[in-house]
Amino acid sequence: MGAGLRTWLNVAVLSFAFVVIIFYNGMLDGWNRQGRNDTIAWVTGAGQFWHPGFDRFDPYTFQDSHNLLSPEIVSEVEKKNLSPVLVSQATAFPQGRSLGVILKGIDPEQTILSLPSSALKDEINQDNAIVGKRFAESANLKKGDKLLIRWRDKNGTFDAREVNIAEIFNCDVPEADNGQVYLSINNLQKMMGMQNEASYLVAGENNPVKNPDNWIFRDLSFLLADFDKLILSKRVGASIMQVFLLLIALIAIFDTQVLSIFRRQKEIGTYIALGMTRIQVVGIFTVEGGTHSILATLLGALYGIPLLLLINKTGISFGIGQNMNITLADTIYPYYSLKLIISTILLVILSATIVSYLPSRKIAKMKPTDALKGKLQ
Amino acid sequence: MKLLIILITATFSLFAFTSPDAMEILDKVDRNMSSRNRIFESEMIIHGRRTSRNITSVTYSEGNKQSFTEYLSPARELGTKMLKLGNQLWIYSPSTDRIIQISGHMLRQSVMGSDLSYEDMMDDRKLTEIYSAELTDNEIIDNRNTYVLVLTTKVEDATYFKQKIWVDTERYVPLKQEMFAKSGQLLKRTSLSEVKLIQGKWFPTRIIYKDVLKDGEGTEFTMTSIKFDQNIPDYIFTKAALKK
Amino acid sequence: MIKFILKGILRDRSRSLLPVIVVAAGVFLTVFLSSYLSGVFSDMIDLSARFTTGHVKIMTRAYAENQEQMPNDLALFNVSALKSELISEYPDMEWVERIHFGGLLDVPDENGETRGQGPAAGTAIDLLSSGSSEPERMNVRKSLVKGSLPANRGEALISDDFAEKFDVSVGNEITLFGSTMNGSMMFKTFVVSGTLRFGNAFLDRGAVFIDILDAQEALDMNDASGEILGYFNDREYNDLKALSVKEKFNAKYSSITDEFSPEMLRLVDQNDMGQYLMMSENVGSIMIIIFVLAMSVVLWNTGLLGGLRRYSEYGIRLALGEEKKHIYGTTILEAVLIGIIGSLVGTALGLGGAWYLQTYGLNLGSVTQNMGMMIPTVLRAKISPALFYIGFFPGVIATVLGNALAGLAIYKRKTSRLFKELEV
Chain A
1 MGAGLRTWLN VAVLSFAFVV IIFYNGMLDG WNRQGRNDTI AWVTGAGQFW
51 HPGFDRFDPY TFQDSHNLLS PEIVSEVEKK NLSPVLVSQA TAFPQGRSLG
101 VILKGIDPEQ TILSLPSSAL KDEINQDNAI VGKRFAESAN LKKGDKLLIR
151 WRDKNGTFDA REVNIAEIFN CDVPEADNGQ VYLSINNLQK MMGMQNEASY
201 LVAGENNPVK NPDNWIFRDL SFLLADFDKL ILSKRVGASI MQVFLLLIAL
251 IAIFDTQVLS IFRRQKEIGT YIALGMTRIQ VVGIFTVEGG THSILATLLG
301 ALYGIPLLLL INKTGISFGI GQNMNITLAD TIYPYYSLKL IISTILLVIL
351 SATIVSYLPS RKIAKMKPTD ALKGKLQ
Chain B
378 MKLLIILITA TFSLFAFTSP DAMEILDKVD RNMSSRNRIF ESEMIIHGRR
428 TSRNITSVTY SEGNKQSFTE YLSPARELGT KMLKLGNQLW IYSPSTDRII
478 QISGHMLRQS VMGSDLSYED MMDDRKLTEI YSAELTDNEI IDNRNTYVLV
528 LTTKVEDATY FKQKIWVDTE RYVPLKQEMF AKSGQLLKRT SLSEVKLIQG
578 KWFPTRIIYK DVLKDGEGTE FTMTSIKFDQ NIPDYIFTKA ALKK
Chain C
622 MIKFILKGIL RDRSRSLLPV IVVAAGVFLT VFLSSYLSGV FSDMIDLSAR
672 FTTGHVKIMT RAYAENQEQM PNDLALFNVS ALKSELISEY PDMEWVERIH
722 FGGLLDVPDE NGETRGQGPA AGTAIDLLSS GSSEPERMNV RKSLVKGSLP
772 ANRGEALISD DFAEKFDVSV GNEITLFGST MNGSMMFKTF VVSGTLRFGN
822 AFLDRGAVFI DILDAQEALD MNDASGEILG YFNDREYNDL KALSVKEKFN
872 AKYSSITDEF SPEMLRLVDQ NDMGQYLMMS ENVGSIMIII FVLAMSVVLW
922 NTGLLGGLRR YSEYGIRLAL GEEKKHIYGT TILEAVLIGI IGSLVGTALG
972 LGGAWYLQTY GLNLGSVTQN MGMMIPTVLR AKISPALFYI GFFPGVIATV
1022 LGNALAGLAI YKRKTSRLFK ELEV
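So the sequence lines, in the order shown, correspond to chains A, B and C. Numbering of the first sequence is given in our numbering, commencing with residue 1 and proceeding in unit increments. Numbering of the second sequence is given in our numbering, commencing with residue 378 and proceeding in unit increments. Numbering of the third sequence is given in our numbering, commencing with residue 622 and proceeding in unit increments.
In structure tokens form, the structure reads like this:
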């Protein structure tokens, strides 16, 4: 009774563990990829060249950290391989409140970052600005509103003007949004009296410039360090969950294995009587147990592939990352890499084989004569 | 009738001709307002959103490069000293016995929560050094006739690009000032009053600063005593004096 | 009858040990994993509660509006009176004061003059009073890189990166320069008692932790505090409870016309945490259902195995003349007992493990070593009432179901073939 049923139950649970592990890791990888891609697309580019004194977290450094763009850099800017950004501290006054903001001058023609910089092109209205959705909410701004900004130029002279909120963009990267007001770089250069200067350069994919003088390269591992740490901590948490899920499935296989060795002693005795070595018999049983995992992989593939593909297409909606100050897209699309799938298959097969092997070791200790009789040992 | 018109225009043009040169007015203001050195005690009332505070201090200053301020009250500030030499600023706090240097980027922060930054306090160059002036109008302020001057900066590093200044026509003392951004946006307004004759100079001893972009009541600054051209020993303007 | 079967189970280890172990293991895994999953899914909530939002948080209305600017001039006044009222009104909650402040960290040379300085992000918590839960809540001890927690007034913890950059060692002095809540200049020299890693680039460049009393003194905030955070004593955020606390508090203390009157917010009222809480509960329960299902299948399977294991035994019992119905009955009863024993053991172990994880947490050790304060590196579980039955019932039911199915085989056996089968 039920050898088939039992096998299928085992296989079902194992396949289930298999699919959940792939799904969960796929979600994490999806988050990671989207988070990285979004940060690259909205903030970091393929890396950045900083003025040596520039520190993105220390607004006091902005005042003195800007370099002239060399002809070499200007030509790369024209080829859209680099995009200069000028940064300055300022105060915004939405409805009589004062709010510390960071002005970022970006090239309206730039294509490296996803910022809707073309909204800054308007020649008639020189004072267009774009802001992120979250900042717009906190400052109570709508598209077309005016925002009064006061800043001090490079000589400390106060200046102030109303900028027109030409576009409000929606992006998942808090760093691109919180407290940031984007202007055209020419405009900000004029406002600051820093003609042809930038605080940092955002590199595009094909940027050929490697070590420009007076700029320090910040690679993605530097720029994305916080995000990477967050993902790593999530991964560790996830792996523990996977171990436990797998354990449940493996208990079933272990149990089945113990029983089948117990019940099939005669068979074992027969094998040995027919001249097989014990190791060979252990091998047979181990492979038999391990086969569960192959079946599980196949079964998992059967319902897992459509299911996972569906989730991959629809994504899973969160919609909360922004306000928690982490980079988390509204909808996460899991990403199943070949590496993930293969490593999960290997993990499942290997662990199933190990738990199949453990009870089989008993065979090696059996006396073939007793085994042949089916005597309990 | 025709004659009358001619007469009036003539008088006007005559007035225009004899009206003092704007730069001359400014120069007279400078002469009133600046001195070789000065020692003054002052009281600053800072209106916060919730409370107002009263801070008194004594300041020794020489030219526009050196100044030394010691805070006298409240008890919390007593003994705190500030030394400014050129564009460097050190602050000494007796409670920690530390001298802290305020580096460039900090100079733009507000002093004691007032509407003034360290840099504002440090920039006391003569108006004629910074601005070129144009006489635009005459107005009456607090029952005093004033010249209304529009000052536009002629240097690069003025705190305010443009100022409008109401100068008492007799005493050559500013009674009101408006500070503008390069864009023309009004930023700050000060009103100066309690003009006193001190050692032959007319001097406004009470100034109210108001940041017009922000809600709030602004900062009041009153000089309770002021002496010009004193003998200030040199050591006052050294870091050693901070710890004394 | 039950006594007899129980004796059988206890004495015949071959019949009972493995099934009980498997049931117990399955139930243990389910219970433990459920608690762990609740912990994992609530770790962001937990982190937010511990660092920023509390389970509830009290600020003045004006402070709340400009919170990100750390407007200490708008802080709460008469905090000690307010706190003692809170303590008597909500005895099952803990109330802590926190002050956030900005400023400069200034490193002196041997003459007491500035050697280096950098912007500081300051946090003041109760570090010193005995039995303060704050250092543990803020994960301070585990984030220490060098030195130790402040033991006396006038000691501070600073970010390790800052200490490295300016060559500051434990025991050195640093001065905090900023402004008091009134805007006056604030100077206070601290002895560095230790350095911290936060795992957040912003905080790592210049954070400073000081005791709340030092902060109140330095910032001229006598009996004032930027925030009062409230925590339920069982560490768990309970939204219903939070709502009633909030409504009661605001009705009594808060006034729409007074921008400096205190106002209480729940965790879910802040930073969109409500949405996250809902989502994490949903995802958490889906995952738990999945595990319970998986475990049920496994235990069902075990039940089937149990029936098969004893195939010969049933044969002998049939041969001896025992009625099939009776054998089946005892099998089921046995399964119930095994299910109960296994599930009890499993639930107990699971709860024990969950309790350990909830209380002490599991440090992920080398993988995430020194990732810092702001990254949840210690895995925690969360005990909920559901844990008491979430493993138990599926454990018993699946075991019985499996045995019942396997036991049906008894009815298929023919007496005539029994001896042939039993021939050895």
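All residues carry an ideal CB built from backbone N, CA and C; glycine is no exception.
Contact set for residue i: own chain, Cβ-Cβ below 6 Å, skip 5 residues either direction
i: C/TYR657; result: ALA1002
i: C/SER987; result: Since pLDDT at C/SER987 reaches only 48, below the 50 mark, its modelled position is unreliable, and the value read off the structure follows with that caveat. If we look at C/SER987 and ignore the five residues flanking it on each side, it has no Cβ neighbours.
i: A/ILE216; result: TRP50, PRO52
i: B/GLU506; result: none
i: A/ASP107; result: SER83, ILE185
Contacts around residue i, its chain only, beta-carbon distance under 8 Å, and the 5 residues preceding and following it disregarded
i: C/ARG938; result: ILE948
i: C/LEU638; result: none
i: C/ALA828; result: ALA741, ALA742, GLY743, THR744, ILE779, SER780, PHE783, LEU817, PHE819
i: A/ASN140; result: PRO94, GLN95
i: A/ASN206; result: ASN81
i: C/LYS624; result: none
i: B/LYS531; result: ILE507, TYR508, SER509
Selection from the options that minimises the alpha carbon distance to residue i
i: A/ASP330; options: C/TYR897, C/GLU902, C/TYR935; result: C/TYR897
i: C/SER1037; options: C/GLY936, C/THR1020, C/MET885; result: C/GLY936
i: B/ILE479; options: C/ILE720, C/ASP788, C/GLY723, C/ASP727; result: C/ASP727
i: A/LEU99; options: A/ALA225, A/GLU197, A/SER138; result: A/SER138
i: C/THR651; options: A/THR291, A/LEU302, A/SER293, A/LEU245; result: A/LEU245
i: C/LEU850; options: C/TRP716, C/TYR977, C/ARG758; result: C/TRP716
i: C/GLU1082; options: C/LEU914, C/PHE662, C/ILE666, C/ASN793; result: No statement about residue 1082 of chain C is possible, as the shown extent of chain C runs from 622 to 1045 and does not include it.
i: B/THR599; options: B/THR582, B/PHE605, B/PRO610; result: B/THR582
i: B/SER434; options: B/SER450, B/GLN443, B/VAL572; result: B/SER450
i: C/SER701; options: C/GLY752, C/ALA685, C/ASN843; result: C/ASN843
i: C/HIS721; options: C/GLN690, C/ALA915, C/ASP879, C/SER751; result: C/GLN690
C-beta contact flag for residue i and residue j at 8 Å
i: A/LEU298; j: A/SER199; result: no
i: B/ILE518; j: B/LYS541; result: no
i: C/LEU920; j: C/GLY971; result: no
i: A/LEU295; j: A/VAL11; result: yes
i: C/GLU934; j: C/ILE626; result: no
i: B/LYS539; j: B/ARG566; result: no
i: A/SER114; j: A/TRP42; result: yes
i: C/ARG758; j: C/ASP835; result: no
i: A/GLY304; j: A/ILE22; result: yes
i: A/VAL101; j: A/GLY179; result: yes
i: C/SER846; j: C/LEU697; result: yes
i: A/GLN265; j: A/PRO359; result: no
i: A/TYR335; j: A/ASP29; result: yes
i: C/ALA915; j: C/ARG887; result: no
Residues bridged to residue i [DSSP beta-bridge criterion]
i: B/SER470; result: B/ARG475
i: C/MET806; result: C/SER800
i: A/ARG361; result: Answer is none; A/ARG361 lacks a bridge partner.
i: B/ASP611; result: In the DSSP output, where bridge partners are listed per residue, B/ASP611 has none listed.
i: B/ILE584; result: B/LEU569, B/PHE598
i: C/LEU770; result: For C/LEU770, which the question treats as bridged, DSSP gives no partner whatsoever.
Contacting residues, own chain, Cβ-Cβ under 7 Å from residue i (five flanking each side not counted)
i: C/GLU944; result: none
i: B/ASN409; result: TYR549, VAL550, LYS578, TRP579, PHE580
i: B/ALA399; result: ALA510, GLU511, LEU512, LEU526
i: A/ALA364; result: ARG278, VAL282
i: A/LYS362; result: ILE261
heavy atom of the ligand MN below 7 Å from residue i C-beta
i: A/THR327; result: This structure lacks the ligand MN; in fact it carries no ligand of any kind.
Where residue i meets chain F, residues with beta-carbon distance less than 7 Å
i: B/THR436; result: The displayed structure is made up of protein chains A, B and C, and chain F is not among them.
Whole runs of the beta strand (DSSP E) within the region 113-197 of chain A, excluding any shorter than 3 residues: 128-132, 146-152, 158-169, 180-184
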